[in-house]
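Enquirer: For the sequence shown, the numbering used here assigns the number 291 to the last residue and increments by one with no breaks.
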Amino acid sequence: MLNEKVHVLLNEQINKEFYSAYLYLDFANYFESVGLDGFANWYRIQAQEERDHALLFYDYLQNNGARVTLEAIAKPDKTFEEHIDVLKAGLAHEEYVTSLINDIYAAAYEVRDFRTMQFLDWFVKEQGEEEKNATDLIDKMTLFGGDPKSLYMLNSELGARVYTAPSLVL
122 MLNEKVHVLL NEQINKEFYS AYLYLDFANY FESVGLDGFA NWYRIQAQEE RDHALLFYDY
182 LQNNGARVTL EAIAKPDKTF EEHIDVLKAG LAHEEYVTSL INDIYAAAYE VRDFRTMQFL
242 DWFVKEQGEE EKNATDLIDK MTLFGGDPKS LYMLNSELGA RVYTAPSLVL
């Protein structure tokens, strides 16, 4: 039986992961509108990952006999003037998600819910990777974004990314 606070936080995380998917689709939409289809591809794949993360939390609750309550997903509300602004918003969002995962982990630790802590270990590692990827994109855009040829190559690199579903055993 899950602790009530842990249950609520895990359930809220489902909604937040679906919001992340919406946000990244919005980022992809921005990049499509400015002709950077590789960047759009990168964020569409990010959106797929976030959707799958939501489903992992969903499955975890279901597999532990906990009721899932789905809530409305907020509409992304940011507008961007520069490509780098989108990338910085992505990093800020990943840092926010890291804080959410850490809060759930702390709540599980407080009640000695080792099963949930073990489940969250994958997400802790994943968030480290997500923050590094976001930081790397910012660094590359800062270095190369002002040069059209370099931007074209970076866009091509991001366009080659393919989706790989997470491999987490619940």
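We treat Cβ as the ideally placed atom computed from N, Cα and C, and that holds for glycine.
Using 8 Å as the threshold, is the C-beta distance between F240 and Y284 below it?
Expert: Walking along the sequence shown from the start, residue 240 turns up at place 119. Walking along the sequence shown from the start, residue 284 turns up at place 163. Not in contact: F240 and Y284 (Cβ atoms no closer than 8 Å).
Enquirer: Mind listing, in chain order, the continuous beta strand (DSSP E) runs of no fewer than 3 residues lying wholly within the stretch 139 to 212?
Expert: List check, beta strand (DSSP E) in window: nothing returned.
Enquirer: Using a Cβ-Cβ distance under 8 Å, would D147 count as near chain B?
Expert: As a matter of chain content, chain B is missing from the structure shown, which is built from one protein chain.
Enquirer: Does the Cβ-Cβ distance between L212 and I166 come in under 8 Å?
Expert: Residue numbering aside, residue 212 sits at position 91 when the sequence shown is read from its first letter. Residue numbering aside, residue 166 sits at position 45 when the sequence shown is read from its first letter. Their beta carbons are not under 8 Å apart, which means L212 does not touch I166 by this criterion.
Enquirer: Of all the alpha helix (DSSP H) runs that stay within the bounds of the stretch 214 to 277, which reach a length of 4 or more residues?
Expert: Segments of the alpha helix (DSSP H) lying fully in the stretch 214 to 277: 235 to 265.
Enquirer: Once the 5 residues before and after I205 are set aside, which same chain residues still bring their CB inside 6 Å of it?
Expert: Sequence index remark: in the sequence shown, residue 205 carries index 84 (1-based). Within the same chain, I205 has close Cβ partners M262.
Enquirer: What would DSSP say about V127, mapped onto helix, strand or coil?
Expert: As a position in the sequence shown, residue 127 is number 6, starting the count at 1. Note: V127 maps to helix in three-state DSSP.
Enquirer: Keeping to the same chain, check which residues put their C-beta closer than 8 Å to that of D173; ignore five residues upstream and five downstream.
Expert: Here the question's residue 173 lines up with position 52 in the sequence shown. For D173, where only same-chain residues beyond five positions count, the Cβ hits under 8 Å are A286, P287.
Enquirer: Using a 10 Å radius around the Cβ and a threshold of 16 neighbouring Cβ atoms, would you call K199 buried or exposed?
Expert: The sequence position of residue 199 within the sequence shown is 78, counting from 1. Its Cβ having fewer than 16 others within 10 Å, K199 is exposed.
Enquirer: So, for Y230: in the same chain, excluding its five sequence neighbours on each side, which residues have a beta-carbon less than 7 Å away from its beta-carbon?
Expert: In the sequence shown, counting from the first residue as 1, residue 230 sits at position 109. Same-chain partners within the cutoff: M238.
Enquirer: Taking C-alpha atoms, which residue in A281, E153, E278, F244 lies nearest to I135?
Expert: One-based indexing of the sequence shown puts residue 135 at position 14. If we check each option's Cα against that of I135, F244 comes out closest.
Enquirer: Is it true that the stretch 268 to 277 meets the stretch 216 to 235, where meeting means three or more beta-carbon pairs spaced less than 8 Å apart?
Expert: Because the criterion of three Cβ pairs below 8 Å is not met, the stretch 268 to 277 and the stretch 216 to 235 do not touch.
Enquirer: As a quick exercise: from V155, N184, G159, Y164, pick the residue whose alpha carbon is nearest that of H128.
Expert: Numbered from 1 along the sequence shown, position 7 holds the residue referred to as residue 128. Checked all of V155, N184, G159, Y164; the closest Cα to H128 is N184.
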